[in-house]
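Encoded as structure tokens, the structure appears first; notes follow it.
Residue numbers (the numbering used here), protein chains in the order written: chain P, 5 to 306; chain C, 6 to 380; chain F, 257 to 616.
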């Protein structure tokens, strides 16, 4: 530890002048002063720097998790019409309010939004600081930003193809798949415990209908809530299935509930919603879409 | 050739030129105008009138040179301070000459700012203080010559001022009055404290200053600048009177208000001290005058202690004088940016308890040297 | 001369932050003092009640912008206490490393403001230059320079970037060299010593009675440091000294902070050496149980504390923040009376005021 020493009266003037004299000599003779002449010389920023956002339209599923976690309410979802992707909803950012905190980047389930190193965003008018999705679009940022999240290869179920043959449950070496009955429909569906999965791909090879596909899924460190389904109140309207961005909800027929029409023919059966909760990203759109209180969202303060 | 003779020559030529036109006009016009024109022309060509005009021209030349030097000083101050702080000084304005034009840009900025007078301020004092301050500071330059032949009121010219150095020091000492006036008239508690501090500081540091200069007068045997510089042709006074030189530098730093002694203008405590309520070009004039005072102080130090304009004959005498004044100023800047500010009671302690006994010792050394016949 | 009240602030170059200090002055001597805070109140405790737990982390950063990582770390510790979450070991070592780096950054900013107020402009510029080295390290690690948003509930946001250890060790050795050179500028200058020695004496009993903590308390001779007395995180495994000084004046506070910077460098080197491999983050729970969580840390300015009440949902019911400077500023009248106006700068600067955390 440097100790304090008593200084003589020479320290009145000469000691500090020695230090400043050394700095002048350094900057004049041995090199340049410690200044970056800003507009003409720019600093190189590291790749993890949090600046302007870029959104990959192809990876984004429009779940609006980023909009919900933003601490300062600076993002919004805008409905767009894209020639390739059809009718989509993508996020825009208001840089007049943005904190550049990076929480939206961490919560995105498909790593579709990122922060680049661009920071020169000042403008004379406040309205120009609102960047819509089209100005943030960059579909090929894969090589330009720091990819930090871990990926896992996990089996993803497509319920429309599943025939309840139960071969996947028998094949899994970790006993991670359990067949659970779907109430009212009379079929069973595989429920996969993703924590036990080792990505061995045996369930994918054995399924005869190719209903299980191995896909790369990014790990999320925020516990996302899952909706709780109350079948008594479900009327089969299908609003939740249309609202879900991640293909979690499938409408299946309830056999034995067809109405008999006036001329003796049978009408269409009622439907119920079936949830494949392994794919759920916790966005809450189904909860907000259901008008009959058939879905419960955990931990909401009323 | 003397400065006086040079300016006299110019004025003579100018008066001749105008008088040609004037007398011709007097001849052309009818008789009652003719006499009038002749009388005016004769008056213009008389000795007294031409001498007065010469002195005006000399004053203009010296003041212009002082202003250009002050601009240079401010440029050196900002560049040197920048290098000490490890950045560039002014860089972009006047890019190829190292940022010299930044001073002009700042001056123009100060011109276009709004000048306000506080509502409850003492108007007479408020408006009078800058005038006294600047007037007295430029008056110091009247008697300091750049060389034997270059000075407004020196020994060998038409006007003979036998007490040049004394006059310069007297003009130097008028400033505390104006600072006190500015501090009181601004109707602000901060400026009042600043003004009081400044008065205390300047009064307590005048005395060691004058005692040191008295020892120089003793060795030189005269009060005039040319005689003092001539007495240094063997050895500069800074070497035998070494203590006196150091005391003179410290007292000069206190008179000019640079950082170890800049309490009246202490930015952290008193916002801007006694200049808080001044804005626009009035403030610019205060700032400018501070630099004129340090220029005048550097010139005094050079003339009294560092041999004035003596130097090898490669460079003209005037340039030697300026070079020495610039060196004194640079050392002041180095000291300014390396040291923190002293507190009021510590500053008075230094002035009265340390510097005064040393000044007396210095005077005794001078008496000893004189009585031993070495000077 | 008559006594008069002077307002130093709220708009004043000396006060680092937005507060008012009214002093009653008799000539140049101070007779009475009254601090007034509250100009920067932003309602942070109320804002926290409407945000979910991860959303409060950037808000906690902005409590004291001079040492922001301390406060977001404090918040995460309090929430982990509430939710009973265990943090992986590598994350604890990274937290200690960044906290000590933040301590150096905060003390350097204090030194810059202190030197600048005393009239030494060079001191300001040199210490800010040293601070840039550490801010560049933070920028490579977290992506921002002042409000980092780096700790998370259950660890830290991400792992160290490549070459971070090499760069940090280089920065530490560069900085230790510079610390020795500051002796020339500060202690080598007799004027600096004259301004600081014997000024602003706060006796030991007064300091303990008023509840002052941090370097101000340690400069009055009391050896109380939360990192040694109630260790949190992995401070039990670190080898360092608690710095105290027996004079109770401004010079002692300056000396304590300079030596604390040295000790922080030693802790950083030990943390880099002892860091194990492993995860840096776990899945943070969304809803908090009904209950309370409390955490205390050794902030560069004193002892900070946060108390959180959870009610079973994903937003806290109440967040209470205890700031050290709020307590220290009430000791101002005791320290100031009897000294000169010019000493106000040295004394209040020596207490290291950061108004962001005072007014919340």
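Cβ coordinates follow ideal geometry from the N, Cα and C atoms, glycine included. Remember, it's a predicted structure, so these values are computed and weren't measured experimentally.
Margin query: Run through chain C and tell me which residues come within less than 8 Å of residue 357 of chain F, C-beta to C-beta.
Written below: Those within 8 Å of residue 357 of chain F in chain C number zero; the least Cβ separation is about 23 Å.
Checklist line | Proximal chain P residues relative to residue 91 of chain C, where beta-carbon distance stays under 7 Å | finding: From the beta-carbon of residue 91 of chain C, the residues of chain P found nearer than 7 Å are 27, 31, 37 and 38.
Check: Using the C-alpha atoms, what's the distance from residue 103 of chain C back to residue 385 of chain F?
Finding: Cα to Cα, the separation comes out at about 24 Å.
Margin query: Strictly under 7 Å for the Cβ-Cβ distance: is residue 65 of chain C near chain F by that measure?
Written below: False, the Cβ-Cβ gap to chain F never drops below 7 Å.
Item checked: Within chain P, the residues that residue 547 of chain F reaches when beta carbons sit closer than 8 Å -> Going along chain P, no residue has its Cβ under 8 Å from residue 547 of chain F, so there is no contact; the nearest lies around 15 Å.
Next item on the list: For residue 85 of chain C, count neighbouring Cβ atoms within 10 angstroms of its own Cβ and tell me buried if that reaches 16, exposed if not.
Entry: Residue 85 of chain C is buried by the Cβ-count criterion.
Next item on the list: Between the Cα of residue 222 of chain P and those of P:285, P:301, P:209 and P:124, spot the shortest distance and give me the residue it belongs to.
Entry: That would be P:285, whose Cα lies nearest to the Cα of residue 222 of chain P.
Next item on the list: Would you give the residue range spanned by the beta strand (DSSP E) that residue 155 of chain P belongs to?
Entry: Where residue 155 of chain P is concerned, the enclosing beta strand (DSSP E) stretches over 155-161.
Next item on the list: Could you say if the region 22-36 of chain P and the region 428-447 of chain F meet the contact criterion of at least three C-beta pairs nearer than 8 Å?
Entry: With the rule of 3 Cβ pairs closer than 8 Å, the region 22-36 of chain P counts as touching the region 428-447 of chain F.
Check: Cα separation between residue 562 of chain F and residue 332 of chain F?
Finding: Straight-line Cα distance between these residues: approximately 10 Å.
Notebook entry, point to check: Can you tell me the Cα-Cα spacing of residue 333 of chain C and residue 74 of chain C, whole angstroms?
Noted result: If you take the alpha carbons of residue 333 of chain C and residue 74 of chain C, they lie about 14 Å apart.
Note to self: Any C-beta of chain C within less than 9 Å: which residues of the region 355-386 of chain F qualify?
What the structure shows: Within the region 355-386 of chain F, the residues whose Cβ lies closer than 9 Å to some Cβ of chain C are 371, 372, 373, 374, 375, 376, 377, 378, 379, 380, 381, 382 and 385, listed in chain order.
Notebook entry, point to check: Measuring CB to CB, does residue 359 of chain F end up less than 7 Å from residue 520 of chain F?
Noted result: Contact: yes.
Note to self: Taking 7 Å as the threshold (C-beta atoms), are residue 506 of chain F and residue 602 of chain F in contact?
What the structure shows: Yes, the pair counts as a contact, with Cβ atoms nearer than the cut-off.
Check: When the cut-off is 7 Å and only beta carbons count, does residue 299 of chain C lie next to chain P?
Finding: Residue 299 of chain C does not count as touching chain P.
Note to self: Between which two residues does the alpha helix (DSSP H) holding residue 415 of chain F run?
What the structure shows: No alpha helix (DSSP H) holds residue 415 of chain F; DSSP gives it neither H nor E.
Check: Are three or more beta carbon pairs between the region 252-261 of chain P and the region 276-283 of chain P nearer than 8 Å?
Finding: Contact between the region 252-261 of chain P and the region 276-283 of chain P is present: three or more C-beta pairs spanning the two stretches fall below 8 Å.
Item checked: Sequence-distant residues of the same chain with beta carbon closer than 8 Å to residue 259 of chain F, five excluded per side -> Within the same chain, Cβ atoms closer than 8 Å to the Cβ of residue 259 of chain F are found at 280, 281, 282 and 287, the five residues on either side in sequence being excluded.
Item checked: C-alpha distance - residue 162 of chain C paired with residue 41 of chain P, whole-angstrom precision -> A caution first: residue 162 of chain C carries a pLDDT of 49, below 50, which makes its placement in the model too unreliable to give a value.
Next item on the list: State yes or no: is the C-beta of residue 290 of chain P within less than 7 Å of the C-beta of residue 244 of chain P?
Entry: Contact: yes.
Notebook entry, point to check: For the region 284-308 of chain F, which residues have a CB atom closer than 7 Å to at least one CB atom of chain P, in sequence order?
Noted result: When CB distances to chain P are screened at a threshold of 7 Å, the residues of the region 284-308 of chain F falling below it are 307, in chain order.
Checklist line | Alpha-carbon spacing of residue 496 of chain F relative to residue 486 of chain F, whole angstroms | finding: Distance between the alpha carbons of residue 496 of chain F and residue 486 of chain F: 15 Å.
Check: So which residues of chain F does residue 192 of chain P contact, with C-beta pairs closer than 7 Å?
Finding: The premise fails here: residue 192 of chain P is roughly 29 Å from chain F at the closest Cβ pair, so nothing lies under 7 Å.
Notebook entry, point to check: Is it true that the CB of residue 186 of chain C sits closer than 7 Å to the CB of residue 130 of chain C?
Noted result: Yes, these two residues count as a Cβ contact at 7 Å.
Next item on the list: Grab the span of the beta strand (DSSP E) containing residue 86 of chain P for me, first residue to last.
Entry: Under the DSSP assignment, residue 86 of chain P falls in the beta strand (DSSP E) whose first and last residues are 79-86.
Notebook entry, point to check: Pick from P:103, P:126 and P:158: whose alpha carbon is nearest that of residue 307 of chain P?
Noted result: In the structure as shown, chain P starts at 5 and stops at 306, and residue 307 of chain P therefore has no counterpart that could be examined.
Checklist line | Segment contact flag, the region 524-532 of chain F with the region 546-557 of chain F, C-beta cutoff 8 Å, min 3 pairs | finding: Too few Cβ pairs lie closer than 8 Å, so no.
Note to self: My output table needs one value for residue 118 of chain P: the three-state DSSP class, helix, strand or coil.
What the structure shows: In this structure, residue 118 of chain P counts as strand in the three-state DSSP scheme.
Check: How would you write the range of the alpha helix (DSSP H) that residue 314 of chain F sits in, first residue to last?
Finding: Per DSSP, the continuous alpha helix (DSSP H) segment holding residue 314 of chain F begins and ends at 312-317.
Checklist line | Start and end residues, alpha helix (DSSP H) containing residue 296 of chain C | finding: Counting along the chain, the alpha helix (DSSP H) containing residue 296 of chain C begins and ends at 286-310.
Check: In three-state DSSP terms, what is residue 107 of chain C?
Finding: Residue 107 of chain C: helix per DSSP, three-state reduction.
Next item on the list: Examine the Cβ distances between the region 297-309 of chain C and the region 172-189 of chain C and report whether three or more of them are shorter than 8 Å.
Entry: These segments touch.
Note to self: At the level of alpha carbons, what is the spacing between residue 91 of chain C and residue 350 of chain C?
What the structure shows: About 33 Å.
Notebook entry, point to check: Applying the criterion that 16 or more other CB atoms from any shown protein chain within 10 Å of the CB defines a buried residue, is residue 135 of chain C buried or exposed?
Noted result: Classification for residue 135 of chain C: buried.
Notebook entry, point to check: Who does residue 540 of chain F pair with in a DSSP beta bridge?
Noted result: P:226.
Notebook entry, point to check: Who are the Cβ neighbours of residue 24 of chain C in its own chain at under 8 Å, not counting the five residues just before and after it?
Noted result: 46, 49 and 50.
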